[in-house]
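Undergrad: The structure follows.
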Amino acid sequence: MSNKDLVLYEDLKNGVGLVKLNRPERLNAITPALSARLKEILDQACADDSIKVIVLTGEGRGFTAGADMDGLASTSEGKSDSSEQSKDDEPWKGFSYVRNLDKPVIAAINGPAAGVGFILSLYCDIRFASETAVFSTAFSKRGLIAEWGVGWMLSRIIGLSHANDLLFSARKFDGKEAERIGLVNKAIPADSFMDEVIAYAEDLAKNVSPRSVKIMKEQMYASLEESFDDHIQKAFKKMVESFGSDDFKEGVKHFIEKRPANFTGK
Numbered sequence: 313m314s315n316k317d318l319v320l321y322e323d324l325k326n327g328v329g330l331v332k333l334n335r336p337e338r339l340n341a342i343t344p345a346l347s348a349r350l351k352e353i354l355d356q357a358c359a360d361d362s363i364k365v366i367v368l369t370g371e372g373r374g375f376t377a378g379a380d381m382d383g384l385a386s387t388s389e390g391k392s393d394s395s396e397q398s399k400d401d402e403p404w405k406g407f408s409y410v411r412n413l414d415k416p417v418i419a420a421i422n423g424p425a426a427g428v429g430f431i432l433s434l435y436c437d438i439r440f441a442s443e444t445a446v447f448s449t450a451f452s453k454r455g456l457i458a459e460w461g462v463g464w465m466l467s468r469i470i471g472l473s474h475a476n477d478l479l480f481s482a483r484k485f486d487g488k489e490a491e492r493i494g495l496v497n498k499a500i501p502a503d504s505f506m507d508e509v510i511a512y513a514e515d516l517a518k519n520v521s522p523r524s525v526k527i528m529k530e531q532m533y534a535s536l537e538e539s540f541d542d543h544i545q546k547a548f549k550k551m552v553e554s555f556g557s558d559d560f561k562e563g564v565k566h567f568i569e570k571r572p573a574n575f576t577g578k
């Protein structure tokens, strides 16, 4: 398989870009080449003005089982191929760039999500899981630590106690429990899973301002690291700027005229 085929991309022609990790024979296990291709595809989707929302899922029966075990075995034996290592100057950032993309990324967790695959889902803005999806942090059972920012992200998403449980035990749990503890927004029956996720993404693409969502995404992640006073001052400035935007004018106009919105993102 060529590197280009490691991640599939489809423009659904409804404002939604569908991205699929494509190593189904290995439950979409992550390699440096797949990681690099994923970033290329996500950047491509963000550069396309017709795409308002990105849905990330896995081909076949899994989301991603995490790092490819062959690669981990080579690393443990000191045999990793330096040519396969990331050329990123800041490799510790992993998938954290997803937070900085200017479009919302929805994780459609259709099956196993473990290890670094579990982490990838955390960096997505919204998460939906099949009720039958299986999760595990996995790291403590591999002699590893809370890597790639998972300790920071997970405690903020589900709280310290739940995060400690999942990290320390590396136990497996399903989509229903993931919903109960707040890890995913909703657990959906497997037979209607992708239909419901795409319908949600289509609604975002059609009915809300891309400009609003872009700024809100920036605000929400910034709020994790700034004081309340800083946050509310910046929000006030952005609100005033929004009053002069085309999308604000359209937002008022379509409401008064009782018609669907036609937002441009400007």
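For the record, in the sequence shown the residue sitting at position 262 is 574 according to the numbering used here, with numbers rising by one throughout.
A virtual CB, placed ideally from N, CA and C, is assigned to each residue, including glycine.
On a predicted model such as this, the values are computed, not experimentally measured, just so you know.
Within the segment 487 to 527, note down every full alpha helix (DSSP H) run reaching 4 residues or more, in order along the chain.
TA: 487 to 492, 505 to 519
Undergrad: Do the CB positions of VAL509 and ILE418 come within less than 8 angstroms of each other?
TA: Reading the sequence shown from its first residue, position 197 is the one you call residue 509. Reading the sequence shown from its first residue, position 106 is the one you call residue 418. One thing to note: VAL509 has its Cβ within 8 angstroms of the Cβ of ILE418.
Undergrad: Considering only residues of the same chain and omitting the five flanking positions on each side of LEU432, which have a CB-CB separation below 7 angstroms?
TA: In the sequence shown, counting from the first residue as 1, residue 432 sits at position 120. A distance below 7 angstroms between beta-carbons, with the five flanking residues on each side excluded, links LEU432 to the following residues of its chain, in chain order: THR376, PHE407.
Undergrad: Locate the beta strand (DSSP E) running through VAL446, then write down its first and last residues.
TA: What you label residue 446 is simply residue 134 of the sequence shown in a count that begins at 1. Element bounds for VAL446: 446 to 448.
Undergrad: Identify the residues that DSSP records as bridge partners of SER442: which are they?
TA: Within the sequence shown, numbered from 1, the residue matching residue 442 stands at position 130. Paired residue(s): ILE500.
Undergrad: Identify, in the order they occur along the chain, each residue of the same chain with its Cβ nearer than 7 angstroms to the Cβ of ASP486, setting aside the five sequence neighbours on each side.
TA: Here residue 486 refers to the residue found at position 174 of the sequence shown. These residues qualify, in order along the chain: GLU443, THR444, ALA445, VAL446.
Undergrad: So, at 6 angstroms on beta carbons, what are the nonlocal neighbours of SER521 in its own chain, with the 5 sequence-adjacent residues on each side left out?
TA: Here the question's residue 521 lines up with position 209 in the sequence shown. For SER521, where only same-chain residues beyond five positions count, the Cβ hits under 6 angstroms are ASP559, PHE575.
Undergrad: Taking all protein chains shown into account, decide if LYS578 is buried (16 or more other Cβ within 10 angstroms of its Cβ) or exposed.
TA: Position 266 of the sequence shown, counted from the start, is the residue given in the question as residue 578. The residue in question, LYS578, is exposed, as its Cβ has fewer than 16 Cβ neighbours within 10 Å.
Undergrad: Secondary structure at ASP323, three-state DSSP: helix, strand or coil?
TA: Numbered from 1 along the sequence shown, position 11 holds the residue referred to as residue 323. When secondary structure is reduced to three states using DSSP, ASP323 falls in the strand class.
Undergrad: Alpha carbons only, please: which of CYS358, SER524, LYS498, PRO424 is nearest the one belonging to ARG483?
TA: In the sequence shown, counting from the first residue as 1, residue 483 sits at position 171. Among CYS358, SER524, LYS498, PRO424, the Cα nearest to that of ARG483 belongs to PRO424.
Undergrad: Does the segment 320 to 328 come into contact with the segment 510 to 517, if we say contact requires no fewer than three beta-carbon pairs (one atom in each stretch) closer than 8 angstroms?
TA: Contact between the segment 320 to 328 and the segment 510 to 517 is present, because at least three Cβ pairs lie under 8 angstroms.
Undergrad: Return the CA-CA distance between GLU352 and VAL319, expressed in angstroms with no decimal places.
TA: Translated into positions along the sequence shown, residue 352 becomes position 40. Translated into positions along the sequence shown, residue 319 becomes position 7. Annotation: GLU352 to VAL319 spans about 9 angstroms, alpha carbon to alpha carbon.
Undergrad: On the criterion of 16 or more Cβ atoms from any shown chain inside 10 Å, does ASN412 qualify as buried, or is it exposed?
TA: If you number the sequence shown from 1, residue 412 lands on position 100. Burial state of ASN412 is exposed, judged by a 10 Å Cβ sphere holding fewer than 16 other Cβ atoms.
Undergrad: Kindly indicate if chain C contains any beta-carbon less than 8 angstroms away from that of ALA341.
TA: Of the protein chains in the structure, only one exists, and it is not chain C.
Undergrad: Pick from SER473, ILE469, CYS436, LEU479: whose alpha carbon is nearest that of LYS453?
TA: For the purposes of this step, residue 453 is identified with residue 141 of the sequence shown, where counting begins at 1. Cα-wise, what sits closest to LYS453 is LEU479.
Undergrad: Roughly how many angstroms lie between the CA atoms of ASN422 and PHE505, to the nearest whole one?
TA: For the purposes of this step, residue 422 is identified with residue 110 of the sequence shown, where counting begins at 1. For the purposes of this step, residue 505 is identified with residue 193 of the sequence shown, where counting begins at 1. Rounded to whole angstroms, ASN422 to PHE505 spans 8 angstroms at the Cα level.
Undergrad: Compute the Euclidean distance between the alpha carbons of VAL367 and TYR321, then round it to the nearest angstrom.
TA: Taking the sequence shown and counting its residues from 1, the one referred to as residue 367 is at position 55. Taking the sequence shown and counting its residues from 1, the one referred to as residue 321 is at position 9. Cα to Cα, the separation comes out at about 10 angstroms.
Undergrad: Taking DSSP's pairing of strands, which residues face PHE485 in a bridge?
TA: Position 173 of the sequence shown, counted from the first residue, corresponds to residue 485. Answer is PHE447.
Undergrad: Just checking my contact of GLY455 with GLY378 at CB under 8 angstroms: how many whole Å lie between their CB atoms?
TA: Taking the sequence shown and counting its residues from 1, one reaches residue 455 at position 143. Taking the sequence shown and counting its residues from 1, one reaches residue 378 at position 66. 14 angstroms between Cβ atoms; not a contact.
Undergrad: By the 10 Å Cβ neighbour count, where 16 or more other Cβ atoms means buried, how is VAL552 classified, buried or exposed?
TA: If you number the sequence shown from 1, residue 552 lands on position 240. Answer is exposed; the Cβ neighbour count stays below 16.
Undergrad: Measure from the alpha carbon of ALA345 to the alpha carbon of each residue in SER314, ASP361, GLY494, ILE470, then state which is nearest.
TA: Counted from its first residue, the sequence shown places residue 345 at position 33. The residue with the shortest Cα to Cα distance from ALA345 is SER314.
Undergrad: Would you check if the segment 561 to 570 and the segment 532 to 544 touch, i.e. whether three or more CB-CB distances between them fall below 8 angstroms?
TA: no
Undergrad: Tell me which same chain residues have a C-beta within less than 8 angstroms of the C-beta of GLU491, skipping the five on either side of it?
TA: Taking the sequence shown and counting its residues from 1, one reaches residue 491 at position 179. Excluding residues within five positions, the ones whose Cβ falls inside 8 angstroms are ALA441, ASN497, LYS498, ALA499.
Undergrad: Given a threshold of 16 other Cβ atoms within 10 Å of its Cβ, counted over all protein chains shown, does LEU466 qualify as buried or as exposed?
TA: Position 154 of the sequence shown, counting from 1, holds the residue named residue 466. With 16 or more other Cβ atoms within 10 Å, it is buried.
Undergrad: Tell me ILE307's beta-bridge partners as DSSP assigns them.
TA: Past the edges of the chain, shown from 313 to 578, lies residue 307, and the structure says nothing about it.
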